[in-house]
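Written out below as structure tokens is the structure these notes cover.
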Amino acid sequence: MSHGGRATRADCEDFLYREAALLDEWRLDEWLALFVEGATYEVPTTGAGVDADSAEELFLIADDYARLQHRVKRLNKTGAHSEWPRSHTVRAINNVRILEQDGEELTVASTFITYRSKADITDAFFGRHLHTLRITPGGFGIAAKRTLLDASSLRPQGRVSIIP
Amino acid sequence: MNAFQRMNTALMIDESKKIFKVSRRAFVDPDILEAERAQIFDKCWLYLGHSSELAKPGDFVTRSVGGRNILFARDGKGDLKAMLNTCPHRGAQVCREKHGSAKSFQCFYHGWVFGLDGTLRSQPGETSYAEDFKARSTSSMQQVARFESYRDLNFICFDKGVESLSDYLGPVKEYLDVICDQAEMGMTIVGGTQEYSMRANWKLLTENSIDGYHALTTHATYLDYLKATTGGLAQVAFEGSARDLGKGHAVLEYKAPWGRPVAQWIPSWGEEGKRELSRLYDGLVARFGKQLADRIATFNRNLFIFPNLVINDIMAITVRTFYPEAPDLMKVTSWALAPKGESPEFRKRRLDNFLEFLGPGGFATPDDIEALESCQRAYRQAGDEAWNDISKGMPKAQPLADDEEQMRIFWREWDRRIAEAQGLSAC
Numbered sequence: 001m002s003h004g005g006r007a008t009r010a011d012c013e014d015f016l017y018r019e020a021a022l023l024d025e026w027r028l029d030e031w032l033a034l035f036v037e038g039a040t041y042e043v044p045t046t047g048a049g050v051d052a053d054s055a056e057e058l059f060l061i062a063d064d065y066a067r068l069q070h071r072v073k074r075l076n077k078t079g080a081h082s083e084w085p086r087s088h089t090v091r092a093i094n095n096v097r098i099l100e101q102d103g104e105e106l107t108v109a110s111t112f113i114t115y116r117s118k119a120d121i122t123d124a125f126f127g128r129h130l131h132t133l134r135i136t137p138g139g140f141g142i143a144a145k146r147t148l149l150d151a152s153s154l155r156p157q158g159r160v161s162i163i164p
Numbered sequence: 001m002n003a004f005q006r007m008n009t010a011l012m013i014d015e016s017k018k019i020f021k022v023s024r025r026a027f028v029d030p031d032i033l034e035a036e037r038a039q040i041f042d043k044c045w046l047y048l049g050h051s052s053e054l055a056k057p058g059d060f061v062t063r064s065v066g067g068r069n070i071l072f073a074r075d076g077k078g079d080l081k082a083m084l085n086t087c088p089h090r091g092a093q094v095c096r097e098k099h100g101s102a103k104s105f106q107c108f109y110h111g112w113v114f115g116l117d118g119t120l121r122s123q124p125g126e127t128s129y130a131e132d133f134k135a136r137s138t139s140s141m142q143q144v145a146r147f148e149s150y151r152d153l154n155f156i157c158f159d160k161g162v163e164s165l166s167d168y169l170g171p172v173k174e175y176l177d178v179i180c181d182q183a184e185m186g187m188t189i190v191g192g193t194q195e196y197s198m199r200a201n202w203k204l205l206t207e208n209s210i211d212g213y214h215a216l217t218t219h220a221t222y223l224d225y226l227k228a229t230t231g232g233l234a235q236v237a238f239e240g241s242a243r244d245l246g247k248g249h250a251v252l253e254y255k256a257p258w259g260r261p262v263a264q265w266i267p268s269w270g271e272e273g274k275r276e277l278s279r280l281y282d283g284l285v286a287r288f289g290k291q292l293a294d295r296i297a298t299f300n301r302n303l304f305i306f307p308n309l310v311i312n313d314i315m316a317i318t319v320r321t322f323y324p325e326a327p328d329l330m331k332v333t334s335w336a337l338a339p340k341g342e343s344p345e346f347r348k349r350r351l352d353n354f355l356e357f358l359g360p361g362g363f364a365t366p367d368d369i370e371a372l373e374s375c376q377r378a379y380r381q382a383g384d385e386a387w388n389d390i391s392k393g394m395p396k397a398q399p400l401a402d403d404e405e406q407m408r409i410f411w412r413e414w415d416r417r418i419a420e421a422q423g424l425s426a427c
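In the order they appear, the protein sequences are chains A and B.
Just so we're aligned, residue 1 is where the first sequence starts under the numbering used here, counting upward by one.
Just so we're aligned, residue 1 is where the second sequence starts under the numbering used here, counting upward by one.
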């Protein structure tokens, strides 16, 4: 990626694929390091609008940076029973589009299909990610990530104990 | 031979020996689910929704309650209506949106149009019908047999002859008052509904919702989080008791170290938060006196209303119902309840509190789901001789919140309704 210039879709794809690989491989500390300080990570409820505000509406996940750090810390413990033993996951990222680039900040939309398998049960999560990426000297950093689950309800998946 | 004849009994109780066991068959047998539908879900008062969800005439929500699709709407006069959401003509679902606002409801199949109260207004080809057709009650959408409310909590019952909601709730009303009185301007459901499922029998979530025993082990990582990130907890120990509210209803009332938006302060809410909570607390004292104000503000309540309504007034307030789809699958719906007119800061803190603990993405609920599904897998493998032990606290005169008396209360009522209807009862 060229600094000061414009990021390309290929730059974004490389970054999103790497993010997906880190999650698939349960390298959560490295995944967390993709986020810039003060970042947010949100998953609204399945019926919510794109513009839903976690300060006013009940979400499934609405992490500020501190809680995001703790989410990772918790998932790294064997006491996070839902994900210990580890589930197996694969994330397919598609339809990557740069919606907006304003200086060093970009809004990137992608679609995803995530499979989670554990105890002989496989669930699929699908929907859209909206990443707010910031161009830093070390590459992209995630300033905000919002995952919109495009299902009518979280049935039968039941939980988002992984990072979809 | 049906399940009950095979089992002989679902409960094994010996008060003198402090034995209380539940057959694991009760969680897996389809015959038992059928009996539960007939004896419990068709006969008990079931939670439908909160009045705040339908703010103005024409507002509606659709949801499945007790195995039936219900249309819950506010009609043109402002009255709430609970209707079976099926066309009286041929059965198609009349209103197919989850929520919204309407002037009338039209069935998409043959185009029958109903008023907000379900009355048939018009149907294509009216001249082909008998003259009095529209006036017949069978031509309009059917109202649910019984529909009553308490403190804006609306309930339905499919049994016309059931006792009044007020009588059914009995002492539960005192706790609903304590919960609802924390608001000066009434309570409201916050936008956003968590709709999820568990691959487990619905009764496992009844038990789990009022289980004070599992918190320290199942939710150790949540408690670690509270200790680590909130700048310390309130200097309050887990302490409280369980109470039998009759008819299978039960409550745990206890103190806990987490922050309560009304009104127990924790350091991370800062000095400004402390002033706001003092103002709320002083308001409670002025309205109710110190003793009740302290109870409202500093005690938590896990309230279980038989058979499947949980209202937990804890670090936030959750209203949760759950229904069996199959013996090993339930659908769960959770809402957040909050005081109307709450400050934006505390609304945010309330929602943060809710999400940290509760729901499919919280730091606790996924681990509950893991536990319940793990139990269910074992029950599937169980023979007739496999039993759960629910005896904790039996030797005590006053069982504590981390004992299992509240579950025994549920199971005794379950047994009364199910096993006795089959001519069997606990031995």
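The C-beta atom is built at its ideal place from N, Cα and C for all residues, glycine as well.
All values reported here derive from a predicted model rather than from experimental measurement.
Alpha carbon to alpha carbon, how far is B:K134 from B:E126?
Locating residue 134 of chain B in the second sequence gives position 134, counting from the first residue. Locating residue 126 of chain B in the second sequence gives position 126, counting from the first residue. Looking at the two C-alpha atoms, the distance is approximately 9 Å.
Examine chain B for any beta-carbon lying closer than 8 Å to the beta-carbon of A:H81, and answer yes or no.
Numbered from its first residue, the first sequence carries residue 81 of chain A at position 81. Taking Cβ atoms only, chain B reaches closer than 8 Å to A:H81, which makes this a yes.
How about A:F140: is its C-beta nearer than 8 Å to some C-beta of chain B?
Within the first sequence, numbered from 1, the residue matching residue 140 of chain A stands at position 140. No, A:F140 does not count as interfacial toward chain B.
Check B:C427 in the structure and name its three-state DSSP category.
The residue given as residue 427 of chain B occupies position 427 in the second sequence. Bear in mind that the predicted position of B:C427 carries a pLDDT of just 42, short of 50, making it unreliable; the figure below should be weighed with that in mind. Coil.
In chain order, which beta strand (DSSP E) runs of at least 3 residues are fully inside the stretch 311–352 of chain B?
Fully enclosed beta strand (DSSP E) runs of 3 or longer: 317–326 and 329–339.
Taking B:N69 as the reference, which of B:I189, B:M141 and B:P339 has the closest Cα?
In the second sequence, counting from the first residue as 1, residue 69 of chain B sits at position 69. Closest by alpha carbon: B:M141.
Any idea what DSSP makes of B:M1, helix, strand or coil?
Counting from one through the second sequence, the residue named residue 1 of chain B turns up at place 1. With a pLDDT of only 45 at B:M1, under 50, the local geometry of the prediction cannot be trusted, and no value is derived from it.
Which runs of the alpha helix (DSSP H) fall wholly inside the stretch 177–223 of chain B and span at least 4 residues, in chain order?
If we require 4 residues or more, the alpha helix (DSSP H) runs fully inside the stretch 177–223 of chain B come out as 202–209 and 215–218.
Report yes or no: do the stretch 168–188 of chain B and the stretch 328–344 of chain B share at least 3 C-beta pairs separated by less than 8 Å?
Short answer: they touch.
Determine whether the beta carbon atoms of A:Y91 and A:L154 lie at a separation below 8 Å.
In the first sequence, counting from the first residue as 1, residue 91 of chain A sits at position 91. In the first sequence, counting from the first residue as 1, residue 154 of chain A sits at position 154. Residue identity check: residue 91 of chain A is Arg in the sequence provided, not Tyr. It is not a contact, given that the beta carbons lie outside the stated cut-off.
In the DSSP assignment, the beta strand (DSSP E) including B:C87 goes from what residue to what residue?
Stepping through the second sequence from its first residue, residue 87 of chain B is reached at position 87. First-last for B:C87: undefined, no H or E at that position.
Secondary structure at B:S23, three-state DSSP: helix, strand or coil?
The residue you call residue 23 of chain B lines up with position 23 of the second sequence. Three-state result, B:S23: strand.
Tell me the residue span of the alpha helix (DSSP H) that contains B:S374.
Here residue 374 of chain B corresponds to residue number 374 of the second sequence, with the count starting at 1. From DSSP, the alpha helix (DSSP H) with B:S374 extends over T365 to R380.
Give the interface partners of A:S110 over in chain B, defined as CB-CB distance under 8 Å, in chain order.
Translated into the one-based positions of the first sequence, residue 110 of chain A becomes position 110. Here the premise fails: no neighbours, minimum Cβ distance about 20 Å.
Skipping 5 residues on each side, what residues in its chain have a beta carbon closer than 6 Å to that of B:M1?
Translated into the one-based positions of the second sequence, residue 1 of chain B becomes position 1. Confidence is the limiting factor: at B:M1 the pLDDT is only 45, short of 50, which leaves the residue's position unreliable and the question unanswerable from this model.
Counting along the chain, where does the beta strand (DSSP E) carrying B:L11 start and finish?
Here residue 11 of chain B refers to the residue found at position 11 of the second sequence. L11 to D14 is the extent of the beta strand (DSSP E) around B:L11.
Just to confirm the assignment, what range does the alpha helix (DSSP H) spanning A:W31 have?
Your numbering for residue 31 of chain A matches position 31 in the first sequence. Per DSSP, A:W31 belongs to the alpha helix (DSSP H) from L28 to L32.
Quick one: which residues of the stretch 391–419 of chain B get their C-beta closer than 8 Å to a C-beta of chain A? List them in chain order.
Within the stretch 391–419 of chain B, no residue has a Cβ that lies closer than 8 Å to any Cβ of chain A.
Determine, for B:P360, whether the minimum Cβ-Cβ distance to residues of chain A falls below 8 Å.
As a working note, residue 360 of chain B is residue 360 in the second sequence. Yes, because at least one Cβ of chain A sits closer than 8 Å to the Cβ of B:P360.
Jot down the residue ranges of each uninterrupted beta strand (DSSP E) in the stretch 27–64 of chain B, minimum 3 residues, whole runs only, in chain order.
As far as the stretch 27–64 of chain B is concerned, its whole beta strand (DSSP E) runs of at least 3 residues are 46–50.
To the nearest whole angstrom, what separates the beta carbons of B:P261 and B:R151, a pair I think is in contact under 8 Å?
By 1-based counting over the second sequence, the position of residue 261 of chain B is 261. By 1-based counting over the second sequence, the position of residue 151 of chain B is 151. Wrong, their Cβ atoms sit about 19 Å apart, outside the cutoff.
Between A:L154 and chain B, is any beta-carbon pair separated by less than 8 Å?
Indexing the first sequence from 1 puts residue 154 of chain A at position 154. With 8 Å as the cut-off, A:L154 counts as an interface residue toward chain B.
With 7 Å as the C-beta to C-beta threshold (strictly closer), list the residues of the stretch 168–193 of chain B near chain A in chain order.
The stretch 168–193 of chain B vs chain A, Cβ under 7 Å: V190, G191, G192 and T193.
State the start and end residues of the unbroken alpha helix (DSSP H) segment that holds B:G273.
Stepping through the second sequence from its first residue, residue 273 of chain B is reached at position 273. Its alpha helix (DSSP H) spans residues G270 to F288.
Pop quiz: B:R199 and B:D282 are said to be a contact at Cβ under 8 Å. What is the actual Cβ separation, rounded to whole angstroms?
Position 199 of the second sequence holds residue 199 of chain B. Position 282 of the second sequence holds residue 282 of chain B. Not a contact, Cβ separation roughly 47 Å.
Which first and last residues belong to the beta strand (DSSP E) in which A:K118 is found?
Reading the first sequence from its first residue, position 118 is the one you call residue 118 of chain A. It spans E105 to K118 - the beta strand (DSSP E) in which A:K118 sits, taken as one unbroken run.
Any heavy atom of the ligand COA closer than 7 Å to the beta-carbon of A:V72?
Annotation note on the ligand COA: not contained in the displayed structure, which lists no ligands.
Can B:A215 and B:Q264 be called in contact, C-beta distance under 8 Å?
Within the second sequence, the letter at position 215 stands for residue 215 of chain B. Within the second sequence, the letter at position 264 stands for residue 264 of chain B. Going by C-beta atoms, B:A215 is not nearer than 8 Å to B:Q264.
Measure the alpha-carbon distance for B:A426 versus B:I210 and round it to whole angstroms.
Here residue 426 of chain B refers to the residue found at position 426 when the second sequence is read from its first residue. Here residue 210 of chain B refers to the residue found at position 210 when the second sequence is read from its first residue. Low confidence applies here, because B:A426 scores a pLDDT of 46, under 50, leaving its location unreliable; read the following figure in that light. If I take the Cα positions, the gap works out to 23 Å.
With a threshold of 8 Å, are at least 3 pairs of Cβ atoms found where one atom belongs to the stretch 312–332 of chain B and the other to the stretch 183–200 of chain B?
The answer is yes - the stretch 183–200 of chain B touches the stretch 312–332 of chain B, with three or more Cβ pairs under 8 Å.
Please name the residue in B:L116, B:A102, B:G115 and B:R96 whose C-alpha comes closest to that of B:F108.
Here residue 108 of chain B refers to the residue found at position 108 when the second sequence is read from its first residue. It is B:R96.
Take A:L28 and list the residues in its own chain whose beta-carbon comes closer than 7 Å to its own, dropping the five residues that flank it on each side.
Numbered from 1 along the first sequence, position 28 holds the residue referred to as residue 28 of chain A. V72, L75 and N76, listed in sequence order.
Go ahead and pull the three-state DSSP assignment for A:T136.
The count along the first sequence starts at 1 and reaches residue 136 of chain A at position 136. In the structure shown, A:T136 sits in a strand (DSSP, three-state: E or B).
Using a Cβ-Cβ cut-off of 8 Å, state whether A:I61 counts as contacting chain B.
As a position in the first sequence, residue 61 of chain A is number 61, starting the count at 1. Yes, A:I61 lies at the interface with chain B (some Cβ there is under 8 Å from its Cβ).
Less than 8 Å separating the beta-carbons of B:F304 and B:F410?
For the purposes of this step, residue 304 of chain B is taken as the residue at position 304 of the second sequence. For the purposes of this step, residue 410 of chain B is taken as the residue at position 410 of the second sequence. Against a cut-off of 8 Å, the Cβ pair of B:F410 and B:F304 comes out as a contact.
The alpha helix (DSSP H) spanning A:K73 covers which residue range?
Within the first sequence, residue 73 of chain A is the residue found at index 73, counting from 1. Note, A:K73: alpha helix (DSSP H), Y65 to L75.
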